[in-house]
Amino acid sequence: MDHLLLLMMLLLCSSGLQAEGEHNSTEPGVRLVGRESRCAGDLELEHQGEWRPVEGYFSLWTLKEAGAACRDLDCGSAVSVGKRKESSERPVWLIRSDCVQSGSPLRECARSGSSENILTLTCSGKPISDIICDIICDIICDIICDIICDIICDIICDIISDIICDIIN
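Letter by letter, the sequence shown follows residues -19 to -1, 1 to 150 in mature numbering (1 follows the signal peptide of the UniProt record, and there is no 0).
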């Protein structure tokens, strides 16, 4: 029974890791751009067929609102929220924070505007599923190591006791 449970946990983790490579945002039309990590950068939203950055000055984004975007991107939790100032105004999406707090999708909270302040987010980059799988895999490795060590110790003890018995006899 224990072996079956271990096998199921390994399959669960490995299937989650395979799916991770193919994963898109749980809310289509949301992305972070401008940095090497897909889980950090300027928040952009596709709304009404157009990709634009999200405004970062008047939108009062806290880690709570940012956390919703990070979860939508399967990037774990929000680590920081900030703004980046551009040299001139450009079209942006203005997002009502109260709308995001109510659990509505970002697109339903967007309206057109212009700004030189762009919202930047940094997410932890590790979805909860990966954290759980890491813990499960650590436990499985510990169990397997214990089993192997027990087997090896038993074999070595048997060999040593046989040698000692042969010497005594």
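Yeah, the Cβ is synthetic: ideal placement off N, Cα and C, and Gly gets one too.
Review point. On the three-pair Cβ rule with 8 Å, is the segment 60 to 80 touching the segment 121 to 130?
Key: They do not touch, by the three-pair rule.
Practice item. Enumerate in chain order the residues of its own chain whose CB-to-CB distance from N5 is below 8 Å, with the five nearest sequence positions on each side excluded. Key: Only weak support exists for where N5 lies, its pLDDT of 43 falling under 50; the coordinates are left without a value.
**Study point:** Rounded straight-line distance, which links the Cα of G84 to that of S68
**Key:** Straight-line spacing of the CA atoms in S68 and G84 works out to 33 Å.
Exercise for review: List the residues that DSSP assigns as beta-bridge partners of I145.
Suggested key: Paired residues: none, contrary to the question.
Review point. Quick check: the segment 12 to 32 against the segment 46 to 57, are there 3 or more CB pairs under 8 Å?
Key: Verdict: yes, contact present.
Practice item. Following the continuous beta strand (DSSP E) through L41, name the residue where it begins and the one where it ends. Key: Segment: none, L41 is in no beta strand (DSSP E) and carries neither H nor E.
Point to revise | N-terminal and C-terminal residue of the beta strand (DSSP E) that C104 is part of | key: It spans A91 to C104 - the beta strand (DSSP E) in which C104 sits, taken as one unbroken run.
Check your understanding: Taking the alpha carbon of P9 as the point to measure from, which residue in G30, I124, D139 and I113 has its own alpha carbon closest?
Key -> When each option's Cα is compared against that of P9, the closest is G30.
Exercise for review: Report yes if the C-beta distance between C114 and V60 is below 8 Å; otherwise report no.
Suggested key: No, these two residues do not count as a Cβ contact at 8 Å.
Review point. Terminal residues of the continuous alpha helix (DSSP H) containing D79?
Key: Per DSSP, D79 belongs to the alpha helix (DSSP H) from S78 to Q82.
Check your understanding: Considering only the beta carbon of each residue, do L100 and V11 sit closer than 8 Å?
Key -> No, these two residues do not count as a Cβ contact at 8 Å.
Point to revise | Cα-Cα separation, W32 to C56 | key: Their backbone Cα atoms lie some 20 Å apart in a straight line.
Point to revise | Contact test: G22 Cβ vs the ligand ADP heavy atom, cutoff 7 Å | key: This structure lacks the ligand ADP, and indeed carries no ligand of any kind.
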